[in-house]
Every structure is written in C-alpha cells, then in structure tokens.
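The listed protein sequences correspond, in order, to chains Z and E.
FYI, in my numbering the residues of the first sequence are 1 to 110.
FYI, in my numbering the residues of the second sequence are 1001 to 1110.
Backbone N, C-alpha and C define an ideal beta-carbon position, used for all residues, glycine too.
Comments concern the structure below.
Number of protein chains: 2
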Amino acid sequence: MTKRTYICGLDAAITVMGGKWKGLILFSLGEEGPLRFGELRRAVPGISERMLILQLREMEASGLVHREVYHQVPPKVEYSLTEFGSSLNTALAPLGEWGEEHMERIEAIP
Amino acid sequence: MTKRTYICGLDAAITVMGGKWKGLILFSLGEEGPLRFGELRRAVPGISERMLILQLREMEASGLVHREVYHQVPPKVEYSLTEFGSSLNTALAPLGEWGEEHMERIEAIP
DNA sequence: TTCGGTACCCACACTTTTGTCAGTAGGAGT
DNA sequence: ACTCCTACTGACAAAAGTGTGGGTACCGAA
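Structure (structure tokens):
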C-alpha cells in the first residue's frame, strides 16, 4: 500500500498476489473455470469465508478477477479470471511446477 | 508451519518463499552472485537488518541459500544461492517478467 | 585507550493478517 | 408462519509480521 514505485517486476508481482491465498484462488479459477462463491470455497481447502471474500475483493480491485452477479434467490455470484488474471496465472505456472517437483523436500522443511 | 500436506505445488512454493522479502532476496542473489550481508542489505532497498537476518535464516533452513563465514576481523559472511535456491529463482523469472510488463497497471492499483 | 567497521542478537511495541462466530436479505418450499 | 439456501457483513481477538533502538564481539589503527 506504500505509494512508492516498486524496485523490480518481481516486487510488483508479489505485491498483487499478496499473501497465502491469492495464488491458490487464481490457480483454482484457472483450472476449473468460472466458479461461484461456494464452489471456490471448496476448491481452496482451509480458507475461511471471510478470507475468501477479502481476497476476492482485493483481486477484483486489482482487476485480476471478474465478479458476475445473477439476480436470483438464493443468490448466485460467479467469479472468473480476467485477461489480466489469466496472464498472471500463466506466469505462476512454472512456480507451481517447481513446487510439485520439490514437494517432498519442501514438506520436510518445517 | 502447519504439518499438513500442501494442496498443490503452488501452495508449497508460496510457503517456502513466504512473505514479501524472500523473492527479492533470491532475485538479488541470482542477479549479483554471492553477496555479503551489507551488500545484500543495499541490494534490497527498504529491508531492515532484522528482517534480512530473519529471512536469511529461514532460507538457510529451507536450503535455498548457503552461508559462508570467513573468519576475519571485521567479520565477513557471504550468502549465495544453492542449487535448490537457484531452481526456485528460475521458476520465479516469469513472474518477474510479468511484473515488469504490467508495472504501470500494478502501480495504478492502490 | 578509544574508535571504526562488520555482522549480528535482543526486548519491546506496533501493525497487518488471519481466524471465529455470530448475523442479514429475500424468495421458495412446506 | 416458518425454515432453507446462498452470499455475504461485522465485531472481536489471536497470531504473525515488522520496525526501532539499543547492545555484543573482535581486531587493527590512531
């Protein structure tokens, strides 16, 4: 949130995909296409409703995801990746592969 | 730090490169080769000594960086990427490029 | 004897992030 | 009338992250 300019591209990228969850949300939306709130919640195990909403709001504000409201009862809201979000997702792919490859080693760290 | 298994590779990767700094440290070490503590501090603008040390300790424990002590006075300690750290750095490259490409858009977000 | 330079460590306080547990709207089904 | 369903919202507190200002050790130089 500091108004200064980022020191490099990686810095900027890390800022937009913030904490622990945004990457996973991006990943889920990329893999499974548009998802409604409840589906997304199930797609990202361990996240609380509150966290999911907060993250989605930020990602919407960043232009990473699109929020489509269907005026129904009970309510239905669908989240999907924008072009921007999709491009981030692509850039994130190698990182995901790296994680897969070194999964055992990473799990042994704590 | 939770002992459960990660839900995907991206999850695992995000865990090892933790917060805001580890990616930048990795990047600096990758670009400028082995660096001593003070040099690293200058290479990552805005980080405090305390943070740098904490992050380096964690990264050492994760096997991402190697710490080489030279028994001199005044002290000299050099940090460098391990193979493991280097591979993460490579996987991080596309993310850095993405950030560069969309820098303006990202800066306009807050 | 005092000072400079390097790489740290420690205690404390503050800020940000994350979790928990309630509660709301409003039409449909019973 | 009452309950169910979904997507939220809000208050509160615990946990994690981060900054600040000090201190330590060591040896050589002045």
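**Study point:** Glu97 (chain Z) versus E:Glu1100, E:Met1103, E:Asn1089, E:Gly1099, residue with shortest Cα-Cα distance
**Key:** E:Asn1089
Check your understanding: Do Glu112 (chain Z) and Arg41 (chain Z) have their CB atoms nearer than 9 Å?
Key -> Chain Z is shown from 1 up to 110; residue 112 (chain Z) falls before or after that span and cannot be answered.
**Study point:** Counted within 10 angstroms of its Cβ, other Cβ atoms place Gly46 (chain Z) as buried (16 or more) or exposed
**Key:** exposed
Practice item. Name, in chain order, the residues that DSSP records as bridge partners for Ser1080 (chain E). Key: E:His1066
Review point. Within 10 angstroms of its Cβ, does Val73 (chain Z) collect 16 or more other Cβ (buried), or is it exposed?
Key: exposed
**Study point:** Where the alpha helix (DSSP H) containing Phe1005 (chain E) begins and where it ends
**Key:** The sequence given here places Thr at residue 1005 (chain E); Phe does not occur at that position. Note, Thr1005 (chain E): premise wrong, no alpha helix (DSSP H); not H, not E.
Review point. Hey, does Glu60 (chain Z) have any beta-carbon neighbour from chain E nearer than 9 Å?
Key: No - not a single Cβ of chain E is within 9 Å of the one on Glu60 (chain Z).
Check your understanding: If you measure from the beta carbon of Val65 (chain Z) to each beta carbon in chain E, is any gap under 9 Å?
Key -> no
Check your understanding: By Cβ distance, which residues of its chain are closer than 8 Å to Leu1092 (chain E), with the 5 residues on each side in sequence left out?
Key -> Met1017, Gly1023, Leu1026, Phe1027
Exercise for review: Compare the C-beta of Met51 (chain Z) with all C-beta atoms of chain E and state if any pair is closer than 9 Å.
Suggested key: no
Practice item. Taking Val1077 (chain E) as the reference, give the member of E:Phe1037, E:Leu1010, E:Asp1011, E:Gly1033 with the closest Cα. Key: E:Phe1037
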